[in-house]
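So that you can map any letter, position 300 of the sequence shown is 717 in the working numbering, and since no number is skipped, the others follow by simple counting.
We treat Cβ as the ideally placed atom computed from N, Cα and C, and that holds for glycine.
Note that this is a predicted model, so its numbers are computed, not measured.
Structure first, commentary second.
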Amino acid sequence: MTFKEYFKTSVSALKINRVRSLLTILGIVIGIAAIILIMSLGKGAQKLIISQVQGLGTKSVIVVPGRQLDGPPTTVGLQSLKKRDLEELSKKYNVPHAANVIPVIFGNDIAEFESQNFRAQIYGSSELMPFVFEANPVEGTFFSEEDVTGVASIVVIGSKVNEELFPNGSGLGKRIKIKGRSFKVIGILEEKGSTTIINFDDGVVVPYTTAQKYLFGSKHFDRILVDVDTELNINSTLEDVAQTLRTTHNIDDPTKDDFTLVNQKALADKVGVITSALTYFLALVAAISLLVGGIGIMNIMLVSVNERTREIGLRKAVGATTKNILIQFLVESVVLTLLGGLIGIVLGTGASFIISIILSKIVSFNWDFIFPFSGALLGIGVSSAIGLIFGVYPARQAAKKSPIEALRYE
């Protein structure tokens with residue numbers, strides 16, 4: 418017999434007991450659907466998390482005040498980043514591959530306009546901020562170097578801040594109050610969402626000199642961002658930044674650094690490894706149900722062998738060999754589990770697509786649906802393997818039957 422003939426015979430046999438066949442593969446369907454669902458949502462979560470981590474791009478170095486040991490930065494040195502550090506890092510002979518260097522100060526407070534108010538994220542930075550974050554005003558303009566030097570009382574507001582404070586139109590040119598001080602709105606940022614450290618939509622951006630003098634009353638920075646010209650120069654820039662800060666802070670021993678350097682690319686790679694490992698672990702846990710499904714397949718195939726004893730005897734009587742019977746029942750088992758795998762892939766894909774839409778639209782997450790091709794291939798391969806493994810014993814039992822005894826079976 419050819420494989421085509423084996424396949425047709427298997428399909429015909431399975432059609433005789435459609436309901437039993439579907440119930441038999443239920444464990445396979447649930448297991449494969451769970452694997453597809455977990456891997457699809459896992460990939461979506463991974464993409465979302467990494468996009469947040471890479472919000473500054475993979476060629477940015479973030480200088481965080483405080484020395485980090487085996488946990489969050491310590492309280493030692495949390496005010497270690499000063500204007501001199503910014504000036505030295507901005508010099509080309511100190512950090513030759515730095516495209517832009519900007520300070521960031523952040524906090525939150527109530528922004529007011531007439532009867533409207535909104536608790537906004539307050540960010541102080543330089544005129545180079547749009548180049549680093551690719552956050553440009555859709556109305557008005559960003560502040561200039563002269564505004565920073567002149568400690569100007571001006572702000573650039575995010576899209577959500579504009580909606581909350583000016584529900585009837587644009588706030589461009591109007592004045593808002595923060596901590597009792599009046600600030601003129603000179604720009605409204607495009608809708609962008611949040612990055613690792615900045616939430617532009619909920620944000621109000623002012624010159625860092627203005628933030629230090631009028632809003633936070635401080636002389637230090639919460640972060641200094643170094644935008645590197647190319648990813649190839651990340652490692653050398655990390656060394657240059659570290660050495661420059663050690664010089665300005667009079668540090669001879671690197672173990673006593675009062676700052677921490679964070680690279681977005683390295684962080685994104687670590688997050689990718691962790692989320693992938695977690696996804697595959699959860700998929701492996703879900704795959705345990707396939708074992709239960711395989712046992713069910715073997716049980717039903719044994720029942721089928723007993724029910725078809727006379728058929729087996731008749732086939733052998735007309736010339737079917739032991740090998741023919743063995744292959745026939747193996748093919749039936751594989752077809753049954755493969756069908757379960759395909760149904761599971763369809764159900765798992767549909768469920769993950771619907772959940773992705775819910776997360777994206779209702780919960781307001783930027784969650785993309787990702788079809789896990791590796792999960793689909795794994796599902797097909799695993800379901801076929803289960804059919805072979807758990808179908809061997811029933812097939813051997815069928816193949817060993819004596820044709821004379823089988824024909825006498827009632």
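Between F617 and G575, how many whole angstroms is the CB-CB distance? I'm expecting something under 8 Å. 5 Å
Report yes or no: do three or more beta-carbon pairs, one from the region 633 to 643 and one from the region 508 to 519, lie closer than 8 Å? yes
If G804 sits next to I714, beta carbons under 8 Å apart, how far is it from one beta carbon to the other, in whole angstroms? 7 Å
Would you kindly check if the distance between the Cβ of E648 and the Cβ of K476 is under 7 Å? yes
CA nearest to the CA of L609, picked from T627, K577, N652, E656: Per the sequence presented here, residue 609 reads as Lys, with Leu not at that position. Of the candidates T627, K577, N652, E656, the one whose C-alpha sits nearest the C-alpha of K609 is K577.
Are G524 and V573 touching if we call contact CB-CB under 7 Å? no
Which class does I668 belong to by DSSP, given the choice of helix, strand or coil? coil
Return the chain-ordered ranges of every alpha helix (DSSP H) run that is complete within the region 523 to 589 and spans a minimum of 4 residues. 546 to 550, 562 to 566, 576 to 582
Any contact between the region 443 to 461 and the region 690 to 705? By contact I mean 3 or more CB pairs, one from each, below 8 Å. yes
What is the C-beta distance between D526 and I595, in whole angstroms, given that I count them as a contact (C-beta under 8 Å)? 6 Å
Roughly how many whole angstroms lie between the Cα atoms of F550 and T558? 15 Å
Counting only the same chain and skipping the five closest in sequence on each side, list residues whose C-beta sits under 8 Å from that of V493. In this predicted model, V493 has a pLDDT of only 48, less than 50, meaning its place in the structure is not dependable enough to derive any value.
I'd like to confirm something about E648: is its beta-carbon nearer than 6 Å to some heavy atom of the ligand COA, or not? Only the bare structure without any ligand can be found here, which leaves the ligand COA out of the picture.
First through last residue of the beta strand (DSSP E) which encompasses K500: Element bounds for K500: not the beta strand (DSSP E) but the alpha helix (DSSP H), 500 to 506.
Between the region 765 to 775 and the region 453 to 464, do at least 3 Cβ pairs fall closer than 8 Å? yes
Identity of the residues DSSP links to N716 by a beta bridge: None; N716 has no bridge partner.
Mind checking which residues open and close the beta strand (DSSP E) that includes V512? Careful: V512 lies outside any beta strand (DSSP E) and carries neither H nor E.
First and last residue of the uninterrupted beta strand (DSSP E) at R592: 592 to 595
Give a yes or no on whether the C-beta atoms belonging to P624 and F560 are separated by under 7 Å. yes
Could you give the first and the last residue of the continuous beta strand (DSSP E) run that contains A601? It is Lys, not Ala, that sits at residue 601 in the sequence shown. Run containing K601: 598 to 606, per the beta strand (DSSP E) assignment.
Measure from the alpha carbon of N534 to the alpha carbon of each residue in N680, N579, T566, then state which is nearest. N579
Give the DSSP bridge partners of P624, in chain order. S542
Please state whether DSSP places I519 in a helix, a strand or coil. strand
Please report the distance separating the alpha-carbon of S542 from that of L678. 19 Å
Where F807 and S800 are concerned, what is the direct C-alpha to C-alpha distance, given to the nearest angstrom? 10 Å
Starting from V679, follow its DSSP beta bridges and name the residues at the other end. I479
Bridge partners for D644 per DSSP, in chain order? S477, N517
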